[in-house]
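Novice: Below are the structure tokens for one structure; questions will follow.
Protein chains: 2
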Amino acid sequence: MARATRKIEILHAASKIVSERGIFNLTLEATAIEAGVSKGGLLYHFPSKEALVKGMVDHLAENYRVKIATSVAESSKEKGKWIRSYADVTFKNTYPNKEMHAGLLAAKAVNSDLLDPIRDLYNEWQTEIENDGIDPVKATIIRLATDGIWLSELFDIHRLSEERKEEVYVKLKKWIDE
Amino acid sequence: MARATRKIEILHAASKIVSERGIFNLTLEATAIEAGVSKGGLLYHFPSKEALVKGMVDHLAENYRVKIATSVAESSKEKGKWIRSYADVTFKNTYPNKEMHAGLLAAKAVNSDLLDPIRDLYNEWQTEIENDGIDPVKATIIRLATDGIWLSELFDIHRLSEERKEEVYVKLKKWIDE
DNA sequence: GAATAAAAACCGTCCAGGTAGTATAGTGAA
DNA sequence: TTCACTATACTACCTGGACGGTTTTTATTC
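Residue numbers (the working numbering), protein chains in the order written: chain A, 1 to 178; chain B, 179 to 356.
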């Protein structure tokens with residue numbers, strides 16, 4: 001193998017294009033150029049545009065899953081491990097979010113079914129969150145609030161100031177422990 | 179004027195296409211057919227695709243603004259009018275949400291600047307919500323949770339059951355009054 | 001360790017099909 | 001006469017994907 005990372009470089013390139021130039025500019029040729037590969041080379045790894053977008057979603061779903069799982073595993077608390085990890089990862093990590101945004105938008109545009117891995121992920125988490133020792137309704141509200149941050153970043157809408165975001169984070173965490 | 183509603187019919191048609199068939203199927207011709215208008219007729223009202231999408235966003239922003247404003251005006255409470263209205267409208271109305279989804283996705287795809295009317299709207303609301311007599315951090319969390327519902331509906335991801343959604347709604351409302 | 005074979009990882013061009021936007025001629029209603 | 005369209009034709013452009021090469025890696029044998 002030339003580089004085990006070639007496929008992943010292509011996925012990053014695709015995400016970058018979606019983030020910076022929008023979905024309509026996610027063409028095979030543009031992706032190939034951004035990734036520094038020929039169009040034929042790209043098609044070798046991803047035989048269609050849909051396959052490319054599927055690759056994006058699958059990759060980021062897996063990434064996110066590992067991220068949360070690691071955080072849960074490292075937690076020393078007994079109750080609310082999952083919701084705490086979910087909030088931590090989403091509030092504190094900027095990296096996977098941007099790729100997540102691009103992947104979500106691309107999948108929604110190309111073929112909604114491609115979102116299935118994300119759906120599975122969220123369903124799993126919801127189950128864990130609801131059975132983690134704290135009031136499920138409270139836990140759900142915290143999850144929703146965390147998702148709200150997401151929405152605002154996804155569309156660059158009513159972005160909170162860093163201070164307010166931090167205050168929200170602190171209050172949510174405190175609420176988990178109550 | 180033949181019908182004052184022609185332009186709006188076209189906007190509904192465009193939203194419908196985005197919702198049902200995705201952004202890539204929002205072509206001028208498809209929109210014309212869906213609206214029962216000729217392509218020339220469509221271009222008479224919206225001289226370009228971007229103008230069409232701008233029309234979608236402007237229209238729904240205005241709609242949403244009126245909806246919230248009406249709810250606020252009807253409120254008999256003294257404190258937390260805005261956050262209460264925001265939660266009510268978003269939780270209880272399915273109509274404007276779907277159009278909102280389509281508009282957001284279309285604008286994000288075509289040209290992010292088209293989202294500006296929505297940004298303005300959200301900034302206004304955030305200001306109102308933070309100065310409505312209740313703890314601004316609490317109010318922000320409630321707004322974020324409400325937006326979280328949105329995100330889940332937008333991508334059809336981890337949709338809550340109606341019961342859980344209702345429980346969340348009830349708990350949030352109770353929290354406002356605390 | 002050199003030679004060789006085969007598989008993997010690419011490259012670059014071509015084309016059919018689709019799309020935004022233009023143009024133009026015409027129609028019915030107010 | 002103007003407004004609010006209809007209907008059709010046309011163009012210039014772009015894109016996905018097919019296809020037929022070519023180079024680089026890896027595995028195998030001598």
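Cβ atoms here follow ideal geometry from the backbone N, Cα and C, with glycine treated the same way.
Find out if the Cβ-Cβ distance for the pair Ile33/A, Asn25/A is shorter than 8 Å.
Specialist: Against a cut-off of 8 Å, the Cβ pair of Asn25/A and Ile33/A comes out as no contact.
Novice: Which residues in the same chain have their Cβ closer than 6 Å to the Cβ of Ala102/A, if we skip the five residues on either side of it in sequence?
Specialist: These residues qualify, in order along the chain: Ser15, Val18, Ser19.
Novice: Any chance the stretch 123 to 135 of chain A sits against the stretch 80 to 91 of chain A, with 3 or more Cβ pairs inside 8 Å?
Specialist: A contact exists between the stretch 123 to 135 of chain A and the stretch 80 to 91 of chain A.
Novice: What is the rounded straight-line gap between the Cα of Val250/B and the Cα of Arg243/B?
Specialist: Roughly 11 Å between the two C-alpha positions.
Novice: Return the CA-CA distance between Asp177/A and Glu166/A, expressed in angstroms with no decimal places.
Specialist: Rounded to whole angstroms, Asp177/A to Glu166/A spans 17 Å at the Cα level.
Novice: Whose CA, out of Glu29/A, Asp113/A, His158/A, lies closest to the CA of Phe46/A?
Specialist: Ranking Glu29/A, Asp113/A, His158/A by Cα distance to Phe46/A puts Glu29/A first.
Novice: Kindly indicate which three-state DSSP category Ser216/B falls into: helix, strand or coil?
Specialist: Residue state, collapsed to three classes: coil.
Novice: For Arg21/A, count neighbouring Cβ atoms within 10 angstroms of its own Cβ and tell me buried if that reaches 16, exposed if not.
Specialist: By the 10 Å Cβ count, Arg21/A comes out exposed.
Novice: Can you say whether Glu347/B is buried or exposed, counting buried as having 16 or more other CB atoms within 10 angstroms of its CB?
Specialist: The residue asked about is misnamed: residue 347/B is Tyr in this sequence, not Glu. Per the 10 Å Cβ criterion, buried.
Novice: Would you kindly report the start and end of the unbroken alpha helix (DSSP H) that includes Pro47/A?
Specialist: Where Pro47/A is concerned, there is no enclosing alpha helix (DSSP H), given that its DSSP letter is neither H nor E.
Novice: Using the rule of at least 16 other Cβ atoms within 10 Å of the residue's Cβ for burial, across every protein chain shown, is Arg3/A buried or exposed?
Specialist: The predicted position of Arg3/A is uncertain, since its pLDDT is 43 and thus under 50; no value can be drawn from it.
Novice: Considering only their Cβ atoms, is the gap separating Gly80/A from Ile134/A smaller than 8 Å?
Specialist: Going by C-beta atoms, Ile134/A is nearer than 8 Å to Gly80/A.
Novice: Evaluate the contact criterion for the stretch 97 to 111 of chain A versus the stretch 290 to 302 of chain B: three or more CB pairs, one atom per stretch, below 8 Å.
Specialist: The stretch 97 to 111 of chain A, when compared against the stretch 290 to 302 of chain B, does not touch it at the 8 Å Cβ threshold.
Novice: According to DSSP, is Arg342/B helix, strand or coil?
Specialist: Note: Arg342/B maps to helix in three-state DSSP.
Novice: At the 8 Å Cβ level, is Ala109/A part of the contact set with chain B, yes or no?
Specialist: Yes, Ala109/A counts as interfacial toward chain B.
Novice: What three-state label does DSSP hand Lys79/A in the structure shown?
Specialist: Coil, per DSSP.
Novice: DSSP on Thr205/B, reduced to helix/strand/coil?
Specialist: Note: Thr205/B maps to coil in three-state DSSP.
Novice: What is the rounded straight-line gap between the Cα of Ala323/B and the Cα of Glu340/B?
Specialist: So the alpha carbons of these two residues sit roughly 16 Å apart.
Novice: Could you please give the first and the last residue of the uninterrupted alpha helix (DSSP H) stretch that includes Glu128/A?
Specialist: 116 to 130 is the extent of the alpha helix (DSSP H) around Glu128/A.
Novice: Is it buried or exposed for Glu277/B, if we count other Cβ within 10 angstroms and need 16 for buried?
Specialist: Classification for Glu277/B: buried.
Novice: Using a C-beta cutoff of 8 Å, does Arg181/B count as contacting chain A?
Specialist: Confidence in Arg181/B is poor, its pLDDT being 48 and thus under 50, which makes the residue's placement unreliable; the coordinate value appears in the next sentence. Arg181/B does not count as touching chain A.
Novice: Of the choices Arg6/A, Lys173/A, Thr5/A, whose alpha-carbon is the least far from that of Thr90/A?
Specialist: Closest option to Thr90/A, Cα to Cα, is Lys173/A.
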